[in-house]
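Heads up, the thing below is written out as structure tokens.
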């Protein structure tokens, strides 16, 4: 009889531990899934903003004949940097938006990958990230896929 109680106590404790671990794992997986969804949504938002900024840069080039220099930067889309043919502002907003991680978009012209490079460092806020921290770029052909 005393051995039978020990066996049942062990079985009950094992079931409780298994149940608790199941709850912890389920909670972790839900949090991870929400984080994944949030990061991907931010990446897609960054691609959309880069696309809008790229369209504005193309309009600028059509009017002026070239893209703004790195020094002139994206502000040239809002304020005439003193070039002939400027017919802006080229954005509806009165400011250049930050990326979804609240950092300024990076711009250089001439670019390394194209006439200009426009990019965000992504969630890790550092160059050349991967996965959740990958850079979001104007020259990336995948446009939002991981």
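Numbering (the working numbering), first residue to last: 232 to 377. Idealized CB from N, CA, C, for every residue including glycine.
Extent of the continuous beta strand (DSSP E) to which residue i belongs
{"i": "residue 351", "result": "348-351"}
{"i": "residue 338", "result": "337-339"}
Nearest neighbour of residue i, chosen from the options [CA to CA]
{"i": "residue 354", "options": "273, 237 and 236", "result": "273"}
{"i": "residue 316", "options": "297, 285 and 304", "result": "297"}
{"i": "residue 309", "options": "348, 287, 301 and 350", "result": "287"}
{"i": "residue 306", "options": "328, 268, 275 and 356", "result": "328"}
{"i": "residue 289", "options": "335, 235, 348 and 237", "result": "348"}
{"i": "residue 295", "options": "359, 318 and 241", "result": "318"}
{"i": "residue 275", "options": "332, 249 and 236", "result": "332"}
Paired residues, beta bridge with residue i - DSSP
{"i": "residue 368", "result": "350"}
{"i": "residue 329", "result": "335"}
Own chain partners of residue i with C-beta closer than 6 Å, once the 5 adjacent residues on each side are dropped
{"i": "residue 345", "result": "370"}
{"i": "residue 350", "result": "337, 366 and 368"}
{"i": "residue 301", "result": "339 and 340"}
{"i": "residue 244", "result": "none"}
Other residues of its chain near residue i: CB distance less than 7 Å, five sequence neighbours each side excluded
{"i": "residue 376", "result": "Note that residue 376 scores 41 on pLDDT, short of 50, meaning its location in the model is unreliable; the coordinates nonetheless yield the value given after this. None."}
{"i": "residue 335", "result": "329"}
{"i": "residue 312", "result": "299 and 303"}
{"i": "residue 270", "result": "354 and 363"}
{"i": "residue 356", "result": "332 and 334"}
Neighbourhood of residue i by C-beta distance below 8 Å, restricted to the same chain and skipping five residues each side
{"i": "residue 360", "result": "352, 353, 354 and 366"}
* Inter-stretch contact at 8 Å, needing at least 3 Cβ pairs: the segment 314-323 / the segment 340-348 -> At 8 Å Cβ cutoff, the stretches do not touch.
* Asked: Touching or not, the segment 358-367 and the segment 270-289, by the rule of three or more beta carbon pairs under 8 Å?
  -> Counting Cβ pairs under 8 Å, three or more are found: they touch.
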